[in-house]
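With the sequence shown counted from 1, adding 1021 to any position gets you the numbering used here.
By construction, the Cβ of each residue, glycine as well, lies at the ideal position given by its N, Cα and C atoms.
Note that the coordinates shown come from a computational prediction; the quantities given were computed from them, not determined experimentally.
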Amino acid sequence: MKKLSHIDKQGRVAMVDTSGKSVTGRRAIASARVLMNPETVAAVRGHRTPKGDPLETARLAGIMAAKRTAELIPLCHPLPLTHIDIRAEVENTGVYLEAAVATEAQTGVEMEALTAVSVAALTVYDMCKAVDKGMTITDVRLEQKTGGKSGEYKRKLKDE
1022 MKKLSHIDKQ GRVAMVDTSG KSVTGRRAIA SARVLMNPET VAAVRGHRTP
1072 KGDPLETARL AGIMAAKRTA ELIPLCHPLP LTHIDIRAEV ENTGVYLEAA
1122 VATEAQTGVE MEALTAVSVA ALTVYDMCKA VDKGMTITDV RLEQKTGGKS
1172 GEYKRKLKDE
């Protein structure tokens, strides 16, 4: 089993020392879904939600969240992000969200992508809760990452 990098020899939490790592290009993509009833999907599609456009607001919230990840997650390094893209698509069962984040740094941007997509999903919920309080945020996950010592990761599809 791999050793947890955020635990020191005394068993205390510690911020990982990245000073010896090379600065490399790193990218991560995370996704999430907000499941909602058909009436809510129709309201989102038809731009008829009471608080305005949930998709554009979620995109903006996701961008803002990625930039503040180190303030939200205690041992996360603050990173100079070079790109953030949030995609929001209406599906038959709700909204699919995807966050792509990039940097040139000594550590990866997985947490920034996951934070971005999580806050984007929470924002969709907030923007639509007047219509549907029974929505479910689900499938928050890392889809892929590149760069760094651990190399590339890509989530496998169920049939692979």
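| Item | Value |
| --- | --- |
| Pair every Cβ in the region 1130-1143 with every Cβ in the region 1031-1051, then say whether three or more of these pairs are closer than 8 Å. | yes |
| For I1084, which beta-bridge partners are listed by DSSP? | In the DSSP output, where bridge partners are listed per residue, I1084 has none listed. |
| Grab me the residues of D1160's own chain with a C-beta within less than 8 Å of its C-beta, minus the 5 sequence neighbours each way, in chain order. | S1052, A1053, R1054 |
| Give a yes or no on whether the C-beta atoms belonging to V1122 and I1105 are separated by under 8 Å. | yes |
| Does any residue of chain D bring its CB to less than 8 Å from the CB of L1056? | The structure shown has no chain D; it contains just one protein chain. |
| Starting from V1184, trace the beta strand (DSSP E) in both directions and tell me its first and last residue. | Outside the displayed range of the chain (1022 to 1181) lies residue 1184, so it cannot be described from this structure. |
| Over what stretch of residues does the alpha helix (DSSP H) that includes D1147 continue unbroken? | 1131-1149 |
| Count the CB pairs spanning the region 1136-1149 and the region 1027-1041 that are closer than 8 Å, and state whether there are at least three. | no |
| Nearest by alpha-carbon distance to T1045: which of S1139, A1082, E1173, G1169 is it? | G1169 |
| For the beta strand (DSSP E) that contains E1164, what are its first and last residues? | 1157-1167 |
| How many whole angstroms separate the CB atoms of I1107 and R1080, which I take to be in contact at a CB cut-off of 8 Å? | 4 Å |
| By the three-class DSSP mapping on this structure, what secondary structure does L1076 have? | helix |
| Tell me whether R1176 sits in a helix, a strand or coil according to DSSP, three-state version. | coil |
| For T1045, report the span of its beta strand (DSSP E) as first-last. | 1045-1056 |
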